[in-house]
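Have a look at the structure below, then the notes.
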Amino acid sequence: RTQLSLETVKKKDIPAHLECLTRDSDVLCCCLLASVGTDALGGRGDSRWMVFANGTLSIARASLEDRGQYLCTAANPHGTARLLVTLSVVAYPPRITGGRWQLLTAHSGKPVAVKCKAEGRPPPTMSWVLANKTHISDSSAGNDKVHVEPDGTLIIKEVTVYDRGLYTCMAKNPAGTDMLVVKLQVIAAPPTILEEKRQHVEGMMGENLKLPCTVKGNPQPTVHWVLFDGTVVKPLQFVNAKLFLFSNGTLHLSNIAPADSGNYECIATSSTGSERRVVSLVVEHRDTLPKIATASQEMTQLNFGDKLLLNCTATGDNTSPSLWERQREIQVCALLQERQLESNHLVPSVVLDNT
218 RTQLSLETVK
228 KKDIPAHLEC
238 LTRDSDVLCC
248 CLLASVGTDA
258 LGGRGDSRWM
268 VFANGTLSIA
278 RASLEDRGQY
288 LCTAANPHGT
298 ARLLVTLSVV
308 AYPPRITGGR
318 WQLLTAHSGK
328 PVAVKCKAEG
338 RPPPTMSWVL
348 ANKTHISDSS
358 AGNDKVHVEP
368 DGTLIIKEVT
378 VYDRGLYTCM
388 AKNPAGTDML
398 VVKLQVIAAP
408 PTILEEKRQH
418 VEGMMGENLK
428 LPCTVKGNPQ
438 PTVHWVLFDG
448 TVVKPLQFVN
458 AKLFLFSNGT
468 LHLSNIAPAD
478 SGNYECIATS
488 STGSERRVVS
498 LVVEHRDTLP
508 KIATASQEMT
518 QLNFGDKLLL
528 NCTATGDNTS
538 PSLWERQREI
548 QVCALLQERQ
558 LESNHLVPSV
568 VLDNT
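Residue 218 is where the sequence shown starts when you use this note's numbering, and the numbers rise one by one after that.
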């Protein structure tokens, strides 16, 4: 609080000159009454004005409207004394430092801070007009994307190509207005897929495959795959045990089968555009060779007249039971012909268990 006082001068109509600072500064003058016909004692309807019992006139938070001449009149039965005081309120308009035009280049997806500092008395209020004509100031709430700092700096959290354009900073106080125009340019690159845009891939049944989809761009694109049946697969999302999409865009297929054949589409998107890659997958059926899983012992002993059971279980694709039965009959007959019993009699009958 600034207090300025002027001693009462007993000569009448003697003018005095008083200067004070504007805003947040108070004028305190002894024996002052308002000029231009306003009676301070009678009240001005302004809570900033107050006259103390000793004749002192106080003006809180003086503004440009308070400048002018103030006349204090002191009277008693012996005469009248007057004091004329001129109040000059010192104020100057805002001035934004750094010029009135700027060119700012930013990378898409990155935060941007556009500075706008201003001087003035009283201190100016700062506001911005965005490229989309939205008005925002340090006193307004702003939003999750854009806000103004108390010093007038405009903050854009994640700039995109849609934010490019002209931004106007305005500094205002009762003495005037100053403006700064900033042209914001945003550098961005559309998504690019490094692998072939169309690719034919062949795989064998039971194999594991990796279908890469490496993308670049500014801002960094997001990647997802669309399967031949319309299923959308996003990174690190569980779809089923056979499918998994890594964060780098690679789609992993486990234990592929002919039913997995079809087109697999990788889609990369960002605020600057999109790009696609299509992989045509053909899974070939692979027949496995027959393999005997279980069989009877090589040497089997039995009593005369007993039934002989020879087990032979096989695995493999397209196995034919009848063919296996004929092969085993031949093998068993050959075995029996080579190995006769001591009595020189062959085993009269052989029963095969074709399981």
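The C-beta atom is built at its ideal place from N, Cα and C for all residues, glycine as well.
Please state the DSSP three-state secondary structure of residue i.
i: A512; result: strand
i: E424; result: coil
i: E366; result: coil
i: V378; result: helix
i: D395; result: strand
i: A292; result: strand
i: E336; result: strand
i: L453; result: coil
i: A476; result: helix
i: L300; result: strand
i: E419; result: strand
i: L281; result: helix
i: D402; result: Note that residue 402 is Gln in the sequence shown here, rather than Asp. Looking at Q402 - three-state DSSP - the assignment turns out to be strand.
i: T273; result: coil
i: P429; result: coil
i: N360; result: coil
i: T206; result: Outside the shown range of the chain (218 to 572) lies residue 206, about which nothing can therefore be said.
i: K414; result: coil
i: K389; result: strand
i: L527; result: strand
i: T467; result: coil
i: S207; result: Residue 207 lies beyond the range of the chain shown here (218 to 572); nothing can be said about it.
i: T409; result: strand
i: G259; result: In this prediction, G259 has a pLDDT of 49, which is less than 50 and means its spatial position is unreliable; what the coordinates show is noted afterwards. Reduced to three states, the DSSP call for G259 is coil.
Would you mind reading off the limits of the beta strand (DSSP E) that contains residue i?
i: E492; result: G490 to E501
i: F461; result: L460 to L462
i: Q319; result: W318 to H324
i: N480; result: G479 to S487
i: K327; result: No beta strand (DSSP E) holds K327; DSSP gives it neither H nor E.
i: E312; result: Reading off the sequence, residue 312 comes out as Arg, not Glu. Element bounds for R312: Y309 to I313.
i: S435; result: First, the residue type needs correcting, since residue 435 is Asn and not Ser in the sequence shown. Start and end: V432 to N435.
i: S344; result: T342 to V346
i: T439; result: T439 to V443
i: L371; result: L371 to I373
i: S354; result: H352 to S354
Using 9 Å as the threshold, is the C-beta distance between residue i and residue j below it?
i: S575; j: T489; result: As shown, the chain starts at 218 and ends at 572. That puts residue 575 outside it, with no answer to give.
i: L301; j: C289; result: yes
i: K433; j: L320; result: no
i: L411; j: T467; result: no
i: P438; j: T377; result: no
i: I373; j: A406; result: no
i: V403; j: T370; result: no
i: N390; j: A292; result: no
i: R265; j: R278; result: yes
i: S471; j: L460; result: yes
i: P340; j: A392; result: no
i: V450; j: A485; result: no
i: I473; j: N425; result: yes
Looking only at its chain, what residues have a beta carbon closer than 6 Å to the beta carbon of residue i, apart from the 5 residues adjacent to it on each side?
i: E419; result: V499
i: V496; result: Q416, V418, L428 and Y481
i: L281; result: V306, A308 and P391
i: P328; result: K374
i: S487; result: P408, G434, P436 and P438
i: F455; result: none
Looking only at its own chain, which residues have a Cβ that is under 8 Å from the Cβ of residue i, when we skip the five neighbours before and after it?
i: M396; result: I313, R317, T385, C386, M387 and A388
i: E501; result: E419, G420, M421, M422 and P475
i: H352; result: S344, W345 and V346
Within a Cβ cutoff of 7 Å, which residues of the same chain sit near residue i, ignoring the five residues on either side of it in sequence?
i: T409; result: V432, K433, G434 and E492
*Count the CB pairs spanning the segment 410–424 and the segment 334–344 that are closer than 8 Å, and state whether there are at least three.*
No, the segment 410–424 does not touch the segment 334–344.
*For the segment 477–489 against the segment 439–459, are there 3 or more C-beta pairs whose distance is under 8 Å?*
Result yes; three or more Cβ-Cβ pairs closer than 8 Å.
*Using 8 Å as the Cβ pair cut-off and three pairs as the minimum, do the segment 371–384 and the segment 341–348 touch?*
The answer is yes - the segment 341–348 touches the segment 371–384, with three or more Cβ pairs under 8 Å.
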